[in-house]
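Notes for the one structure printed next.
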Amino acid sequence: MHPLPNIFPILHTDRLELVELQPWHAADLLDLFSDQRVTQYYHVMPLKTELDAERVISYFHQRFKDQLGIRWGITLRGQSRLIGTIGFNSFPQLHRGVIVYALAHAYWGQGYMTEAILELVRYGFRELELSRMEAEVMPANISSEKVLIKNGFRQEGTLKKWMEWEGRLFDINMWALVRE
């Protein structure tokens with residue numbers, strides 16, 4: 001893997017901008033991660049206050065600084081309101097990255113996440129020189145699996161009792177996209 005840049009990269013698609021999360025995004029992040037429709041299959045504690053959201057933003061900044069992950073905010077092009085997040089949650093080995101994403105419910109079904117993942121894949125393969133991208137999806141999260149299929153990911157299997165969350169163990173479907 002090519003190291004993450006020192007300056008946070010801003011990415012663009014036809015309709016979206018993938019931007020560095022800033023403290024002024026805290027209210028939007030709170031809206032996103034306090035919606036149970038968004039967090040139902042997402043390994044995140046629902047946020048309760050803007051201070052919680054500011055802490056999450058600080059956490060993302062530190063992970064980027066430490067070269068452990070990178071998380072963008074998703075906005076509509078030319079707007080500042082956050083409609084989602086996307087990024088590499090981790091790089092378990094230098095050649096592969098684990099992607100993660102969330103989109104506000106009002107924007108579901110409009111192709112935004114497909115577009116954002118396509119740009120993330122482009123960045124991961126070209127700029128970070130990854131060989132493999134993975135997504136860990138809870139089996140009931142059909143919408144997430146559909147968006148991965150649209151971006152060329154293939155399911156490799158189900159990892160039994162892979163994730164522990166709030167004292168419970170969950171199976172996870174492993175999806176991957178490999179650079180040819």
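According to full-length UniProt numbering, the sequence shown is numbered sequentially starting from 1.
The beta carbon of each residue, even a glycine, is placed where N, CA and C say it ideally should be.
What's the gap between the Cα of residue i and the Cα of residue j?
| i | j | result |
| --- | --- | --- |
| residue 57 | residue 125 | 25 angstroms |
| residue 73 | residue 86 | 7 angstroms |
| residue 94 | residue 28 | 32 angstroms |
| residue 150 | residue 134 | 15 angstroms |
| residue 92 | residue 9 | 21 angstroms |
| residue 81 | residue 104 | 11 angstroms |
| residue 33 | residue 17 | 20 angstroms |
| residue 11 | residue 96 | 20 angstroms |
| residue 40 | residue 7 | 33 angstroms |
| residue 102 | residue 79 | 18 angstroms |
| residue 132 | residue 123 | 12 angstroms |
| residue 180 | residue 157 | 20 angstroms |
| residue 129 | residue 44 | 28 angstroms |
| residue 171 | residue 153 | 19 angstroms |
| residue 19 | residue 168 | 34 angstroms |
| residue 163 | residue 35 | 21 angstroms |
| residue 71 | residue 21 | 8 angstroms |
Quick check on this structure: which residue in the options has the alpha carbon closest to the alpha carbon of residue i?
| i | options | result |
| --- | --- | --- |
| residue 24 | 53, 96 and 14 | 53 |
| residue 13 | 120, 143 and 22 | 120 |
| residue 1 | 75, 146 and 69 | 69 |
| residue 173 | 148, 105, 167 and 8 | 148 |
| residue 77 | 15, 11, 171 and 165 | 15 |
| residue 118 | 155, 40, 100 and 49 | 100 |
| residue 165 | 26, 30, 107 and 138 | 138 |
| residue 37 | 144, 176 and 123 | 144 |
| residue 155 | 142, 176 and 167 | 176 |
| residue 108 | 60, 146, 89 and 169 | 146 |
Let me check one thing: in DSSP terms, what residues is residue i bridge-paired to?
| i | result |
| --- | --- |
| residue 17 | 12 and 75 |
| residue 157 | 174 |
| residue 84 | 74 and 103 |
| residue 163 | 170 |
| residue 93 | 96 |
Need the endpoints of the alpha helix (DSSP H) that residue i sits in, please.
| i | result |
| --- | --- |
| residue 116 | 112 to 122 |
| residue 59 | 50 to 65 |
| residue 28 | 26 to 33 |
| residue 145 | 142 to 150 |
| residue 38 | 36 to 39 |
Between which two residues does the beta strand (DSSP E) holding residue i run?
| i | result |
| --- | --- |
| residue 103 | 96 to 103 |
| residue 181 | For the chain, the structure presents residues 1 to 180; residue 181 sits outside this window and is missing. |
Counting pairs of Cβ atoms below 8 angstroms between the segment 104 to 116 and the segment 63 to 70, do you hit three or more?
no
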